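So the sequence lines, in the order shown, correspond to chains A and B.
Here the first sequence is numbered in the working numbering, starting from 2 and rising by one per residue.
Here the second sequence is numbered in the working numbering, starting from 215 and rising by one per residue.
In this text, a Cβ means the ideal position worked out from N, Cα and C, and glycines have one as well.
As the structure is a prediction and not an experimental result, all values here were calculated from the model.
Scroll down for the structure; my scribbles are underneath it.
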Amino acid sequence: MLHCDILVIGSGGAGLATALSAYEKNANVIIVGETYPTRSQTCMAQGGINAALGNISADSPKQHIDDTLKAAAGLASERMVKRLCESAPETIFWLDAIGVPFSRTPENKIAQRRLGGTANTRACYSQDYTGLKILHTLYDQVLAHEIPCLNERFLLDLAVENNTAKGAFFYNIREGKIETILAKSVVLATGGYSGIYHGYTTNTRQSSGDGIAMAFRAGAVLSNMEFVQFHPTALKGSGILISESARGAGGTLINQHGARFTDELAPRDQVSRAIWQELVKGDQVYLDISHLGESFIDEYIPQERKLCLTYAGIDPVHEPIPIAPVAHYSMGGICVDQNHMSTINGLFAVGECANAKVHGANRLGGNSLLEIIAFGRECGVSATNYATQSTAPHPVSDRHIADRLQQLLELPQQQNFYDMRADTGSILYQKAGILRDKASLSFAKSTVEQITTQLPEMGIVDRGNIYNTNLIERLKFENSMVLARIVLESALAREESRGAHFRTDFPQQHPDYHKESISFLDKGHLITRFQEVVS
Amino acid sequence: MKLKIQRFCHHRTPEKSTLVEYDVPLKECTLLEALYYIKEQVDPTLTFASGCRSEVCGSCAVRVNGREKLACGYKTKEGDIIEPLSKTAIIKDLVVDHEVSLNTLKRVKGWLDKPATPQTVTAEEEKRIEKQTDCILCSSCFSACPVLETETDFLGPFALTRAYRYVNDPRCTESKIRIDAVQKKGIWDCTLCGECTAVCPQGIDPKTDILMLRTKSVQYGYTDPSFATGGDDMFGGGFDPGF
């Protein structure tokens with residue numbers, strides 16, 4: 002049984018930033034990840050990281066705050082947004098100082114580009130590999146400081162006693178063994194849940210919100226789970242993301258008649274709805290960047306061209322790109338306070354798995370990379386401060402975990418859970434996607450409840466103990482079903498439209514819902530309520 | 215479409231690698247889509263790694279007909295033979311242990327030792343490290359490198375590229391430490407065959423980076439050990455002046 006001060010679960014950008022800042026505070030840190038650190042979803046973030054540097058045109062943290070609050074539609078904490086935006090320039094300078102190769106202007110300033118939801122040019126970038134290059138630089142620093150990374154460990158459960166986190170249980174994927182790590186502070190940096198929209202998401206198949214589901218099971222409060230952002234421009238069919246920077250650079254959205262139909266740089270929720278309305282009319286929608294020219298595309302957005310060629314067989318230099326909006330980012334997550342601590346003592350959450358009250362009903366492009374670094378670094382300090390006031394936890398038993406795994410291995414294989422996962426993803430996309438109403442959400446809810454009752458019939462085929470991805474995927478499917486139910490209950494409860502949550506039966510924003518939804522377990526039952534957003 | 219996949223796992227019988235043929239009824243699919251089809255509809259025990267689906271996370275590198283490819287970016291063709299990456303231990307089927315190859319990053323000290331003064335890098339200096347920082351650590355180059363067949367502790371291509379990326383970064387004040395770190399089992403052991411460059415899905419050229427590190431090393435006073443030892447390696451024996 003391993004011990005540490007700070008156990009960071011998740012080795013993406015948020016986890017590594019947290020670990021590095023805890024290390025700087027002299028904490029004893031262990032990072033545990035489901036995969037290798039550079040393979041997390043952070044590497045997929047292309048467009049940029051926001052900071053009001055004003056390197057291209059006049060900008061100010063105040064304007065950044067105003068834009069963020071406006072997109073959040075009343076569901077963000079002004080204090081947290083202020084902290085995020087005001088720390089943004091310093092966050093960029095820190096990344097620059099540790100080696101991130103930001104693209105430069107001809108005047109040798111950090112280059113910035115325009116993304117949606119703002120009139121300002123605010124997103125710092127490294128071509129369209131921003132997330133990749135930030136993530137790899139963080140990893141290089143983790144190696145420099147010899148912070149241990151335990152790779153290929155899947156989170157099975159959190160160890161919580163008396164509403165206080167004590168550590169976590171993991172499945173060592175390579176060896177098929179349960180491992181327990183005890184810690185004074187536990188940080189979840191496990192990513193979002195857009196993967197529940199299986200087949201209709203830009204996310205990896207792994208983004209089933211496992212950390213969020215574990216926190217919920219352990220008694221933590223989740224908030225704003227109905228808010229899932231649909232990215233306007235994913236490649237039709239594959240769901241591969243085409244960055245907002247393509248529109249920021251002047252790319253236009255056109256229908257099959259070649260006509261533009263929306264402001265391409267409105268916030269993502271508005272653009273996605275406009276596209277959806279074209280699609281339901283039976284029209285095709287395209288992103289056209291051909292007028293930008295080959296040399297511009299190859300210089301500033303080279304990855305987009307490569308992705309279009311590989312996944313759509315389209316060269317965007319010469320023809321428009323067929324697109325559709327798909328699930329991209331979950332604004333909801335583990336409800337945290339201003340120190341990034343959940344409602345469980347000593348359990349922190351940061352990055353997409355957390356709701357740190359900065360994105361509210363809709364996230365601006367370029368604010369999520371900012372959040373994982375700025376708040377990751379804050380979280381490392383908070384978790385260390387908490388740990389210095391805590392005592393080392395006593396050993397805990399993993400008996401119940403072993404029993405649960407054994408039961409899962411023994412389930413009969415009457416139904417293929419992969420088929421169920423595909424069905425659920427499709428139903429959620431159609432019924433709880435960009436547009437929803439009571440009837441569609443109720444239908445999705447009854448489907449999810451029915452599939453949940455059938456889980457005991459969905460056994461696995463691979464009974465081996467070495468690198469059993471069949472088992473991991475089954476565990477993830479169960480987590481995603483827990484989260485799907487919470488998303489649907491929250492979406493049903495919010496009888497209004499706000500940001501990414503659009504109810505066709507309640508198309509207006511309503512002051513009664515100028516509140517965040519919260520979801521938690523009470524005696525085994527899911528409770529959904531509304532509470533004031535703490536400012 | 216038929217393809218063959220190398221299967222291996224300790225607890226399976228027989229306990230050795232076997233090529234298994236699968237029929238995938240998909241047209242125009244990536245290899246990753248084919249692998250998922252097999253796992254979800256034919257044999258859930260088939261094991262492989264994947265992530266982003268868009269060639270940027272480096273998880274799904276395998277060998278197709280002997281060549282390293284990212285499964286998510288490769289269009290499957292009739293008769294393809296799929297094997298795991300080489301030069302590293304197979305854990306199961308197409309999944310290999312990357313801990314050994316990633317450890318080379320520690321050996322080359324691929325990082326900045328201390329934070330630099332922000333906003334000092336020029337546009338031209340950033341361009342100099344742009345390509346090297348496109349690396350996704352997929353290990354394709356490590357798998358393709360023939361030196362690693364005989365010298366298992368050779369630093370390998372991607373670590374040397376990362377070393378060069380930092381040596382060439384104006385923010386790195388301790389370039390000498392990196393140059394020192396790549397001498398042994400490093401830049402001089404490379405045969406400059408270019409296999410790494412040929413298989414890199416990101417178009418990175420580790421061979422040239424290694425040549426650049428050699429030039430830098432000479433500037434720091436190092437010499438090619440094959441010359442320093444009187445040409446032993448080049449002529450297959452000691453120099454005999456008495457002909």
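- Cβ neighbours of Asn356/A within its own chain (closer than 8 Å, five residues either side excluded): Leu223, Ser224, Asn225, Met332, Gly333, Gly334, Ile335, Cys336, Val337, Glu517.
- Within chain B, no C-beta atom comes nearer than 7 Å to that of Ser398/A; the closest sits roughly 27 Å away.
- For Lys320/B, the enclosing alpha helix (DSSP H) covers residues 313-321.
- The contact set of Pro107/A on chain B, defined by CB atoms closer than 9 Å, consists of Ala337 in chain order.
- For Gly177/A and Phe155/A, the gap between their C-alpha atoms comes out near 10 Å.
- When Cβ-Cβ separations below 7 Å define contact, Pro329/B makes contact with chain A.
- Cβ neighbours of Thr318/B within its own chain (closer than 6 Å, five residues either side excluded): Leu369, Gly370, Ala373.
- If you keep only unbroken alpha helix (DSSP H) runs of at least 4 residues inside the stretch 183-233 of chain A, you get 211-218.
- In the DSSP assignment, Ile335/A falls within the unbroken beta strand (DSSP E) covering 334-336.
- For Met459/A, no Cβ of chain B is located within less than 7 Å of the residue's own Cβ.
- The three-state secondary structure of Gln257/A, taken from DSSP, is coil.
- Gln414/A sits exposed, since fewer than 16 C-beta atoms from the chains shown fall within 10 Å of its C-beta.
- For Cys407/B, there are no C-beta contacts with chain A under 7 Å, since the nearest C-beta of that chain is about 26 Å from it.
- For the C-beta of Ser481/A, not a single chain B residue is nearer than 8 Å; the gap to the nearest is close to 15 Å.
- Taking the Cα positions, Ser61/A is about 7 Å away from Leu54/A.
- The Cβ-Cβ distance between Glu344/B and Arg105/A does not fall below 7 Å.
- At a cut-off of 7 Å between C-beta atoms, Val382/A does not count as an interface residue with respect to chain B.
- Scanning its chain for C-beta atoms nearer than 6 Å, with the 5 sequence neighbours on each side dropped, one finds around Thr122/A the residues Ile57, Ser58, Gln113, Arg115, in chain order.
- Excluding residues up to 5 positions away in sequence, Cys355, Ala358, Cys359, Pro360 lie with their Cβ nearer than 8 Å to the Cβ of Glu409/B in the same chain.
- Less than 7 Å divides the Cβ of Gly11/A from the Cβ of Ala190/A.
- For Gln407/A, the enclosing alpha helix (DSSP H) stretches over residues 400-410.
- The stretch 245-261 of chain B makes contact with the stretch 275-294 of chain B, as at least three CB pairs between them are under 8 Å.
- With its beta carbon at least 7 Å from every one in chain A, Thr387/B lies outside the interface.
- The beta carbon of Phe478/A sits closer than 6 Å to the beta carbons of Phe418, Arg422 from its chain, once the five residues preceding and following it are set aside; these are given in chain order.
- Residue range 371-381 is occupied by the alpha helix (DSSP H) that includes Thr375/B.
- In the three-state scheme derived from DSSP, where H, G and I count as helix and E and B as strand, Val462/A is classed as coil.
- In the structure shown, Asn363/A falls within a coil segment according to DSSP collapsed to helix, strand and coil.
- In this structure, the alpha-carbon of Leu217/B lies about 8 Å from that of Thr290/B.
- Scanning chain A for C-beta atoms nearer than 7 Å to the C-beta of Pro258/B yields Ile461, Val462, Asp463, Asn471, reported in chain order.
- Pairwise C-beta distances place the stretch 255-272 of chain B in contact with the stretch 33-46 of chain A, as three or more of them are shorter than 8 Å.
- One alpha carbon belongs to Ser391/A, the other to Lys185/A, and they sit about 6 Å apart.
- If you check each beta-carbon in the stretch 16-49 of chain A against every beta-carbon of chain B, the ones closer than 8 Å belong to Thr36, Tyr37, Thr39, Arg40, Ser41, Gln42, Cys44, Met45.
- For the stretch 202-229 of chain A, residues whose beta-carbon sits nearer than 8 Å to a beta-carbon of chain B comprise Thr205, Arg206, Gln207.
- Taking a C-beta distance under 7 Å as the contact criterion, Thr165/A and Gly16/A do not qualify as a contact pair.
- In this structure, the alpha-carbon of Pro258/B lies about 51 Å from that of Pro439/B.
- The beta carbon of Val488/A sits closer than 8 Å to the beta carbons of Tyr194, Ile197, Met226, Glu227, Val229, Gly333, Leu429, Ala433 from its chain, once the five residues preceding and following it are set aside; these are given in chain order.
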